[in-house]
Structure formats: structure tokens, C-alpha cells
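Undergrad: One structure follows; several queries about it will come next.
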């Protein structure tokens, strides 16, 4: 029996569903309110439910899987080429259904609630970092108007704020500036709380603890990578995982001639940034003397940032290998990919 494929365009209140009856080829369309969606799929025989990987898609995927349906998520950029005529809910649902029929279509991994909670902590922390930077920059600008220059760097700037000469600041501003400084302290406390929660999760997860043993992979990188990766076998190899993070060269070519460029920068920018920062710290900490022969040779031949990207790629492949093959990190061991 051939499974029925349902293309679902999800929204806050109204869901549009498009499918074709396998036996007759009849096209069916249905618009449902949010409250009626679960009841609809409970009544359907187990089939294939496909939707765009957008807001709340992970939640609905976890809701429909226990009903026996095979749920798949498609990146919106792979759906857009199949939207015919004007864009509306019905056209989007049909485009999702059409995209799902394409051979070799790539699908987004469905995450567990625990993994999504970890990634949510990372997003909240990233937002707090932005708020702290904005707050610090505003204080620099405001105090600069009264001839008070704060030194560069966050720690040095905070230390200078604690020793500020309040006589040089108009009394009208004292209370407001103290509120801003208190907000900076609160942001630091909130980030510290999130980092403690992430550290607790890292200690409780054996896979995450093993990944954290890799040089350049710390608390943030280990927890974010494991939460985002999910099932390592979703990727064919370590290179495929590195490619999903945009850490492989982009290439273009025709007539059998292929040209390689810089890294593609596809995928999750946050994960790629963590790996790049980790790789940079490894190179700066080890230096050319303590670096591996491979890294020393690379630093001798290529610019520093190229070596950073190459090491970040290698770190991503190593993470995949440790997770996929359930190994511990061994310095000097050949990467399995």
C-alpha cells in the first residue's frame, strides 16, 4: 500500500493541507483551524506528513509522529521554487507537497524537546550578550559626552565604571546611570545562570561530555553541537556534517572544470561561529611550536584565517566521528569520516 503524502502549511490559527489520493490521483485540499488539526491526523491512516521547517514545525512534528505518521521538514528555500502563481496558503501547501516528491530532497532533522530546550538556552544567552554589548556601548557614549572615556574591553570598562568620578557627571544623570550599571550586573548574573544550567546538562550527558574533551570545544560548543546534531547518522559522514555548518569550500564549475572558493557559510551561523572561535583559540594557545605537523604545515602555506577555517572543519568532523562511533577523543587518532 502506497503511503499518502500530506503537504501542510502551518500557521498560528489556520492550517492548509494538500494531498493526492494514491488510488485515484484525486487532489484534495483542506483548511483546518488549529484546534482541529490533531483530530484530522488521528483519523488518517499512517502516512507521510511534510511541512516547512519554520516556527512551531518541530512541535507539530513531535505531535504527529506518535500517531504513526512519518514526519519530514523541508527548508523553506527548497519549497519556494515550487510555488506556482501567487503565494497563498493553498499554493504553499501544494508547493510543500511537490517539493517532497523530488528525488534527493534534503530534510531538516526533527529535534527532541530536551535538545530544543538546550538550543533555546543558547539563543537566550546570545540575546543577553547583545543586550550587554548595547548597554556598555551606550554608557561609553553617554559618559564620553562629559569627558569620561572608558577603556576598551568589557572587563576594563566595567572596572572603570565602578571607579567613576561622579563629580564629573551631572547630578540629574546619577540615578539613571546607576540603573544602567545595575542592569549590566543583572545581565551577567542571568548569563551565569544559563551557563550553570548548560554545564549541568553537559555533565548528565555522556556524549556531550566526550565531545567536550576535544581541544577547542568548550561548554557552549559541546552543548550546542550535540543538541543541534541529534542523530549523527542523519549525516552520511563527518564531511557532510561539516558541510551542513558551512565549513567546506563552495565550488562552481562547468564543462568538467570546478573552481573552489571560500567556505560556503551555509547552515547555522551560531554553530559555525563557535567552532571558528574554538579553532582560533587552539591555534593561538598552541602556537606553531606545539601545533600538530598538519597544522604547522597549513600555517606555513596559507593565511591564518584559512587555517582557522580548516581546523574548525576538522573539529566538526571529529565531533561527528565521536558521536557516530561512540568513541572518546584520542589525540593523534585518525579522523573517521
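Residue numbers (our numbering): 1132 to 1468. Just so you know, even glycine gets a beta-carbon here, dropped at the ideal spot from N, CA and C. Remember, it's a predicted structure, so these values are computed and weren't measured experimentally.
1. In terms of residue numbering, what span does the alpha helix (DSSP H) encompassing residue 1474 cover?
2. Name the DSSP beta bridge partners of residue 1239, please?
3. Put residue 1223 into one of helix, strand or coil per three-state DSSP.
4. What first and last residue would you give for the alpha helix (DSSP H) that runs through residue 1424?
5. Between the alpha carbons of residue 1320 and residue 1313, how many angstroms are there, rounded?
6. Throw me the rounded Cβ distance for the residue 1373 and residue 1448 pair, which I believe falls under 8 Å.
7. According to DSSP, residue 1159 sits in a beta bridge with which residue or residues?
8. Suppose the cutoff is 6 Å on Cβ atoms and the five residues either side in sequence are ignored; what does the same chain contact list for residue 1366 look like?
9. Using the three-state DSSP reduction, which class does residue 1137 fall into: helix, strand or coil?
10. Closest to residue 1241 by CA distance: which of 1187, 1443, 1211 is it?
11. Identify whether residue 1391 lies in helix, strand or coil by the three-state DSSP scheme.
12. Which partner residues of residue 1179 appear in the DSSP bridge assignment?
13. Rounded to whole angstroms, what is the Cα-Cα separation between residue 1503 and residue 1375?
14. So what does DSSP say about residue 1380, is it helix, strand or coil?
15. Three-state secondary structure (DSSP) at residue 1145?
16. What number of angstroms, rounded off, separates the C-alpha of residue 1214 from the C-alpha of residue 1407?
17. Answer yes or no: does any C-beta atom of chain D fall closer than 8 Å to that of residue 1285?
18. Need the endpoints of the alpha helix (DSSP H) that residue 1262 sits in, please.
19. Give the secondary structure of residue 1164 by DSSP, where H, G and I count as helix, E and B as strand, and everything else as coil.
20. In whole angstroms, give me the CA-to-CA distance for residue 1356 and residue 1277.
21. Among 1173, 1317, 1159, whose alpha-carbon lies nearest the alpha-carbon of residue 1198?
22. Taking the beta carbon of residue 1183 as the centre, do at least 16 other beta carbons fall within 10 Å, making it buried, or is it exposed?
23. Return the chain-ordered list of same chain residues with a C-beta closer than 6 Å to the C-beta of residue 1442, the five sequence neighbours on each side being excluded.
24. For residue 1445, does the count of other Cβ atoms within 10 angstroms reach 16, so buried, or fall short, so exposed?
25. Going by the CB atoms, is the gap between residue 1252 and residue 1333 shorter than 8 Å?
26. On a CA-only basis, which of 1292, 1354, 1234 is nearest residue 1336? Give me that one, please.
27. When burial is assigned at 16 or more other CB atoms within 10 Å of the CB, is residue 1189 buried or exposed?
28. Can you find the residues in the same chain that come closer than 6 Å, C-beta to C-beta, to residue 1225, ignoring five residues on each side of it along the sequence?
29. Could you give the distance in angstroms between the alpha-carbon of residue 1192 and the alpha-carbon of residue 1435?
30. Just mark residue 1265 as buried or exposed, buried being the case when its beta carbon has 16 or more other beta carbons within 10 Å.
31. Exposed or buried, which one is residue 1316 when buried takes at least 16 other CB atoms within 10 Å?
32. With a floor of 4 residues, list each alpha helix (DSSP H) that falls wholly inside the region 1329 to 1367, ordered by position along the chain.
33. When burial is assigned at 16 or more other CB atoms within 10 Å of the CB, is residue 1227 buried or exposed?
34. Given a threshold of 16 other Cβ atoms within 10 Å of its Cβ, counted over all protein chains shown, does residue 1428 qualify as buried or as exposed?
TA: Result, derived from the coordinates:
1. With the chain covering only 1132 through 1468, there is no way to say anything about residue 1474.
2. The secondary-structure analysis by DSSP pairs residue 1239 across a beta bridge with 1204.
3. helix
4. 1424 to 1432
5. Going from the Cα of residue 1320 to the Cα of residue 1313 covers about 11 Å.
6. 5 Å
7. Under DSSP, residue 1159 shares a beta bridge with 1150.
8. 1372
9. strand
10. 1187
11. In the structure shown, the three-state DSSP call for residue 1391 is strand.
12. According to DSSP, residue 1179 bridges with 1136, 1201.
13. What the structure shows of the chain is the stretch from 1132 to 1468, and residue 1503 is not part of that stretch, so it cannot be assessed.
14. Secondary structure of residue 1380 (DSSP, three-state): strand.
15. Strand.
16. In a straight line, the C-alpha of residue 1214 is about 37 Å away from that of residue 1407.
17. Protein chains in the displayed structure number just one, and chain D is not present.
18. 1244 to 1275
19. strand
20. Cα atoms of residue 1356 and residue 1277: separation of roughly 45 Å, rounded to the nearest angstrom.
21. 1173
22. buried
23. 1410
24. buried
25. no
26. 1354
27. buried
28. 1149
29. 43 Å
30. exposed
31. exposed
32. 1337 to 1342, 1350 to 1360
33. buried
34. Exposed: under 16 other Cβ atoms inside 10 Å.
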